[in-house]
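This report refers to the structure that appears directly beneath it.
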Amino acid sequence: MRAAVRSELRKLFSTRLWWVLALSGGAYLAIMGVAMAFVFSFEAAANDSADLGFNISATSRGRPDPALLTYSIAGSMAYVFPLLIGTLSVTQEFRHRTITGTFTAEPRRHVVLCAKMLASLPMGLVMGAACVAALVSPAALVFAGQGVPNGLGSAETWAFLGRALLDFTVWAGVGVGVGALLRNQVAAIVVVLAVTQFVEPVLRMLGAMLDGWSWTRFLPGAAGDAIQGVSVYDAMADINSAEPMGFGWAALVLAAWGVGFAAIAYATTWRRDVS
Amino acid sequence: MIQVRALSKRFGQVNAVIDLSFTARDGRVTAFLGPNGSGKTTTLRAALGLLKPTAGDVLFDGRHYQDIRRPARQIGASLEASSFHPGRTALDHLLTLAPGAAVAEERCREVLDLVGLAGQANRRVGGYSMGMRGRLGIAAALLGDPGTLLLDEPTNGLDPEGISWMRNLIRAMAAQGRTVLISSHLLGEVERTVDDVVIIARGQLVHASPIADLERFGAPTAVVAATDPPALAALVARAGWDAQWGADGSALIRGVTPVGIGQAAFDAGLVLTQLASQKPGLEQAFFRLTEGGGLQ
Ligand SMILES: Nc1ncnc2c1ncn2[C@@H]1O[C@H](COP(=O)(O)OP(=O)(O)O)[C@@H](O)[C@H]1O
Ligand SMILES: [Mg+2]
């Protein structure tokens, strides 16, 4: 297993894909973060102690914390990047037919699948670190410049950022499950984008508004946000009364999605002929 | 030793391999020959556990591939020239395989040097030619210094210099006591390299023997000339023989024994000035054995 994990790590880090995705995710977050920081700063300045129209922190349910809300887009908007690196790490093998070499080097196919999943975790962490740094540093400067507390002095913020890294890490593993299930690269990209950018957001918005839809908090994106503990979705509505999951449970729920996808893949297509 | 035992593989309606059995022995180079689509790659993939056989199995020194731990240290395989990620360099490609073969970067550089790619180690494989990819595939197969080599069409895409390099490499490997199985659809490319031949057509075994025994399977060929060339031409036409005419009026006739030609000439009242049996070529034996055995 150790050899297989090392092999998968080298595969992940030896093509341009990971840093292209990390760069895209970082750039996207940096721009969004700066924009949000300005908006919050101006609003905060305009009506100092007034309600911002958001009901922010899912953990404290207290006054909005603009900094934390801004930083929360790391997990809730950019999780598609670690998800994609995990997914592509599998689909590329089928696309370029390198899966032949992979299964020849390690004929025990369950070992290959586990190794891919394990190797994706440090990759998710690295991408998370890059994305969070790209988001937080400029946004924190903007807050500081506008005289709004940027939270970097508080342990709560750092704990939050740590949970965001955990979120990225688990998402990469989920990606491996998705890739193993779909195998076809184009199909996988389309499904990942459709689900993360449309299907799940719609379900979660409905979940936030409709009674009896609290199951939507077990959706992967919702679980991912619950790992962070703060998200724009929670802030958008008055939030169903459901008590938020602890981040440990949330991480388990998200991990279960990844393991579930991988298990279905293993039971169905993973052991098929490769030619 | 590689033992293919009653191997069959079916893809839907296509019987790609049918009840195939043969053995590749240690210290010898075995050529696995057959026209395109005859089932060579399918057999090799089944041997490596990539395909599940419909029936039968393949053993490497008595064990199934799937049961061998760190298989790269015992069996080196190169299946397709195109199975590389185009964005990865040759060295990085080998480094991804290195943990499985339990070797370090030094060995990766060593095999790159061995296949003549040392200068290209840090180039992305996407820019490689067919021949260079073939060499990289061989380098990957050699990485774990395995006692058994399985090479699928290793001469594809190689230039003449590359083919001769490949021959020497294969001979050297067998001389060290390794088992080498190479597939090819061209006997001519391997006939000077191999010890044994296994020939398949339409997924079935048609011949297995040391290469020297293959010649017997060529069609009989004879050179014939007569005092009266037009009468000889008329006889050839009447008999429907496959003939090639020389400038001197002699004919190279394939598929008929000298006895048959002599008898027919005698019956026709021809005086022959020449009737000589010719050694049939290996390539011809190969064609004859696999006639029509290609793509289904
Ligand atoms: N995955 C597959 N699905 C369906 N048919 C296949 C598959 N792989 C090979 N075949 C068929 O099996 C036969 C043997 O193919 P192959 O083993 O690749 O031949 P060779 O390597 O001798 O050229 C061919 O008719 C080919 O079309
Ligand atoms: Mg083939």
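For the protein sequence lines, the chains are A and B, in the order given.
Heads up: the first sequence at position 113 corresponds to 113 in the working numbering, and the numbers run straight through without jumps.
Here the working numbering runs 275 ahead of the position in the second sequence, where the first position is 1.
Glycine included, C-beta positions come from ideal geometry on N, C-alpha and C.
Keep in mind the model is a prediction, meaning the values are calculated, not measured.
CB contact flag (residue i, residue j, <9 Å)
| i | j | result |
| --- | --- | --- |
| L354/B | V473/B | no |
| R477/B | S313/B | yes |
| A188/A | T100/A | no |
| A373/B | R348/B | no |
| K315/B | S458/B | yes |
| A276/A | S7/A | One cannot answer for residue 276/A here, as it falls past the ends of chain A, which runs 1 to 275. |
| L165/A | L125/A | yes |
| L433/B | A497/B | no |
| A321/B | V333/B | yes |
| V20/A | G86/A | no |
| L527/B | G521/B | yes |
| W257/A | P201/A | no |
| L254/A | A223/A | yes |
| M407/B | D336/B | no |
| L510/B | A487/B | no |
| A78/A | V176/A | no |
| A483/B | G302/B | no |
| G324/B | R280/B | no |
Buried/exposed call for residue i, threshold 16 Cβ in 10 Å
| i | result |
| --- | --- |
| T268/A | exposed |
| D65/A | buried |
| K327/B | exposed |
| I31/A | exposed |
| E380/B | exposed |
| E106/A | buried |
| M441/B | buried |
| S137/A | exposed |
| Q228/A | buried |
| P485/B | exposed |
| P505/B | exposed |
| E566/B | exposed |
| A4/A | buried |
| W18/A | buried |
| R61/A | A caution first: R61/A carries a pLDDT of 44, below 50, which makes its placement in the model too unreliable to give a value. |
| S358/B | buried |
| D523/B | exposed |
| G544/B | exposed |
| S231/A | buried |
| L141/A | exposed |
| F143/A | buried |
| S241/A | No answer about S241/A holds up, because its pLDDT of 46 lies below 50 and its placement is not dependable. |
| L135/A | buried |
| V292/B | buried |
Min CB distance residue i to chain E below 9 Å
| i | result |
| --- | --- |
| T364/B | No chain E appears in this structure, whose protein chains are A and B. |
Nearest residue (CA-CA) to residue i, options the options
| i | options | result |
| --- | --- | --- |
| A447/B | E464/B, E428/B and L417/B | L417/B |
| D294/B | E490/B, Q479/B, A393/B and R303/B | Q479/B |
| P361/B | K11/A, A27/A, T70/A and F81/A | K11/A |
| D471/B | R300/B, G324/B, E558/B and Q278/B | R300/B |
| F160/A | V34/A, L69/A and S24/A | L69/A |
| F218/A | V190/A, F247/A, Q197/A and A155/A | F247/A |
| D578/B | R513/B, A518/B, S552/B and Q559/B | A question about residue 578/B goes unanswered here, because the residues of chain B that appear run from 276 up to 571. |
| T15/A | G530/B, Q553/B, N311/B and R398/B | R398/B |
| V390/B | G287/B, G419/B, I413/B and V499/B | I413/B |
| T293/A | V80/A, F103/A, F40/A and G260/A | Residue numbering for chain A in the displayed model covers 1 to 275; residue 293/A lies beyond these limits and cannot be assessed. |
| L23/A | M127/A, M36/A, A67/A and R163/A | M127/A |
Between the segment 435-445 of chain B and the segment 359-367 of chain B, can you find at least three pairs of beta-carbon atoms closer than 8 Å? no
At least three beta-carbon pairs within less than 8 Å, the segment 124-139 of chain A to the segment 71-86 of chain A: yes
Inter-stretch contact at 8 Å, needing at least 3 Cβ pairs: the segment 202-210 of chain A / the segment 175-188 of chain A: no
Of all the alpha helix (DSSP H) runs that stay within the bounds of the segment 425-478 of chain B, which reach a length of 4 or more residues? 435-450 and 462-465
Stretch-stretch touch, CB-based, cutoff 8 Å, three pairs: the segment 382-401 of chain B with the segment 449-458 of chain B: no
Considering only residues of the segment 285-328 of chain B, which uninterrupted beta strand (DSSP E) runs meet the minimum length of 3 residues and lie entirely inside it, listed in chain order? 289-299 and 304-308
Please go through the segment 505-563 of chain B and give each complete alpha helix (DSSP H) segment of 4 or more residues, from N-terminal end onward. 533-542
Contained beta strand (DSSP E) runs [length at least 3] in the segment 337-368 of chain B, N- to C-terminal order: 350-353
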